[in-house]
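Chains as they are written, first to last, in this note's numbering: chain A, 973 to 1086; chain B, 3 to 118.
Have a look at this one:
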């Protein structure tokens, strides 16, 4: 069955440090890939998406993600984390079997140390 | 900036009662979705809706659930007889895809449903 794996449940980084959140998916073909962020008490906000083309995609708030077909991965990165980035991050995949049925990973909670 | 609006933000209901969660999708969108997130767990797909009918539903979406677009703006999720395990955050989403390329979904702020 298709699945999305975010292996890190909770990550703590210092403010100003770099960040990488991991996401792997299981699927034979290339799905459409998304990263969403959920701040406490808020809904899900789209950070970035990959449909096709350049495998390095830029998103909002200084985030980027790189699609690596060989590793079935779509890791999220940010070179310098800000305290306001503390939130939960969800990787999501659209396997194309329906109209927008996204499958989400379990999420990675990011804490930022001053 | 257009957004998906959900009401209420928090609803408490007694077990066995019917509850209706309301959503106003982005006005020119054509595809509508409900997801839920049980506390501490991942976001799960419930149902997608297009052209006034369900296009896909998950195994979570059993006979206790129904969706409706009663007018041109609202999109509702009804749970007929709530169970304790229905307690979750329910997210509405909409997307404006007209083909395979536009799968970006915009999410509302969520309705936290607590069944007691």
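All C-beta atoms in this analysis are idealised placements derived from N, C-alpha and C, irrespective of residue type, glycine included.
On a predicted model such as this, the values are computed, not experimentally measured, just so you know.
- prompt: Should residue 55 of chain B be flagged as near chain A, meaning a C-beta pair shorter than 7 Å?
  reply: For the purposes of this step, residue 55 of chain B is identified with residue 53 of the second chain, where counting begins at 1. Not closer than 7 Å to any Cβ of chain A, the Cβ of residue 55 of chain B fails to qualify, so no.
Three or more beta-carbon pairs under 8 Å between the stretch 85-96 of chain B and the stretch 29-42 of chain B, yes or no? yes
Q: Could you work out which residues of chain A lie near residue 106 of chain B, taking near to mean beta carbons separated by less than 8 Å?
A: Residue numbering aside, residue 106 of chain B sits at position 104 when the second chain is read from its first letter. Within chain A, the residues near residue 106 of chain B are 1006, 1018, 1021.
Could you check whether the Cβ of residue 1073 of chain A sits closer than 7 Å to any Cβ belonging to chain B? The residue labelled residue 1073 of chain A in the question sits at position 101 within the first chain. Yes, residue 1073 of chain A counts as interfacial toward chain B.
Pairwise C-alpha distance: residue 1036 of chain A and residue 55 of chain B: Residue 55 of chain B sits at position 53 when you count from the first residue of the second chain. Residue 1036 of chain A sits at position 64 when you count from the first residue of the first chain. Spanning the two alpha carbons is a distance of roughly 36 Å.
* What did DSSP end up calling residue 1041 of chain A once you bin it into helix, strand or coil? -> Within the first chain, the letter at position 69 stands for residue 1041 of chain A. Helix.
Quiz item: Does any residue of chain B bring its CB to less than 7 Å from the CB of residue 1081 of chain A?
Solution: Walking along the first chain from the start, residue 1081 of chain A turns up at place 109. Not closer than 7 Å to any Cβ of chain B, the Cβ of residue 1081 of chain A fails to qualify, so no.
| query | For residue 32 of chain B, which of helix, strand or coil comes out of DSSP? | reply | Working through the second chain from its first residue, we reach residue 32 of chain B at position 30. Reduced to three states, the DSSP call for residue 32 of chain B is coil.
Practice task
Show which residues of chain C have a CB atom less than 8 Å away from the CB atom of residue 1078 of chain A.
Solution key: Going by chain labels, chain C is absent from the structure shown, which instead holds the protein chains A and B.
Quiz prompt | Bounding residues of the beta strand (DSSP E) (the contiguous stretch that carries residue 87 of chain B) | solution = Looking up residue 87 of chain B in the second chain gives position 85. Taken as a continuous stretch (DSSP letters only), residue 87 of chain B belongs to no beta strand (DSSP E), as it is neither H nor E.
So with Cβ pairs under 7 Å, would you call residue 988 of chain A a contact of chain B? Here residue 988 of chain A is taken as the residue at index 16 of the first chain, counted from 1. No - not a single Cβ of chain B is within 7 Å of the one on residue 988 of chain A.
task: Report buried or exposed for residue 978 of chain A, applying the criterion of at least 16 other Cβ atoms within 10 angstroms of its Cβ.
output: For the purposes of this step, residue 978 of chain A is taken as the residue at position 6 of the first chain. The residue is buried, with at least 16 neighbouring Cβ atoms inside 10 Å.
### Query
Does the stretch 1019-1027 of chain A come close enough to the stretch 1003-1011 of chain A to have 3 or more Cβ pairs within less than 8 Å?
yes
### Message
Would the stretch 990-999 of chain A count as touching the stretch 1041-1048 of chain A if we require 3 or more Cβ pairs under 8 Å?
### Response
yes
Q. Going by DSSP, which residues form a beta bridge with residue 982 of chain A?
A. The count along the first chain starts at 1 and reaches residue 982 of chain A at position 10. Residue pairing for residue 982 of chain A: DSSP places it in a beta bridge opposite A/1081.
Exercise for review: Tell me whether residue 1050 of chain A is buried or exposed, calling it buried when 16 or more other Cβ atoms sit within 10 Å of its Cβ.
Suggested key: For the purposes of this step, residue 1050 of chain A is taken as the residue at position 78 of the first chain. Label assigned to residue 1050 of chain A: buried.
Among B/28, B/18, B/12, B/11, nearest to residue 76 of chain B - alpha-carbon criterion
On the second chain, position 74 is the one that residue 76 of chain B refers to. Looking at the Cα atoms, B/28 is the closest of the given residues.
Chain A within 7 Å of residue 63 of chain B, Cβ atoms only: Residue mapping note: residue 63 of chain B aligns to position 61 of the second chain, counting from 1. It does not: the Cβ of residue 63 of chain B has no partner Cβ on chain A nearer than 7 Å.
Practice prompt. Just mark residue 976 of chain A as buried or exposed, buried being the case when its beta carbon has 16 or more other beta carbons within 10 Å.
Written response: As a first step, residue 976 of chain A must be located in the first chain, where it is residue number 4. Buried is the call here.
Mind checking whether residue 25 of chain B and residue 110 of chain B have CB atoms under 7 Å apart?
Taking the second chain and counting its residues from 1, one reaches residue 25 of chain B at position 23. Taking the second chain and counting its residues from 1, one reaches residue 110 of chain B at position 108. Yes.
Open item on the list: At the level of alpha carbons, what is the spacing between residue 47 of chain B and residue 1076 of chain A?
Closed with: Translated into positions along the second chain, residue 47 of chain B becomes position 45. Translated into positions along the first chain, residue 1076 of chain A becomes position 104. Near 8 Å, if we compare the C-alpha coordinates of residue 1076 of chain A and residue 47 of chain B.
- Task: Identify whether residue 1032 of chain A lies in helix, strand or coil by the three-state DSSP scheme.
- Result: If you number the first chain from 1, residue 1032 of chain A lands on position 60. Note: residue 1032 of chain A maps to helix in three-state DSSP.
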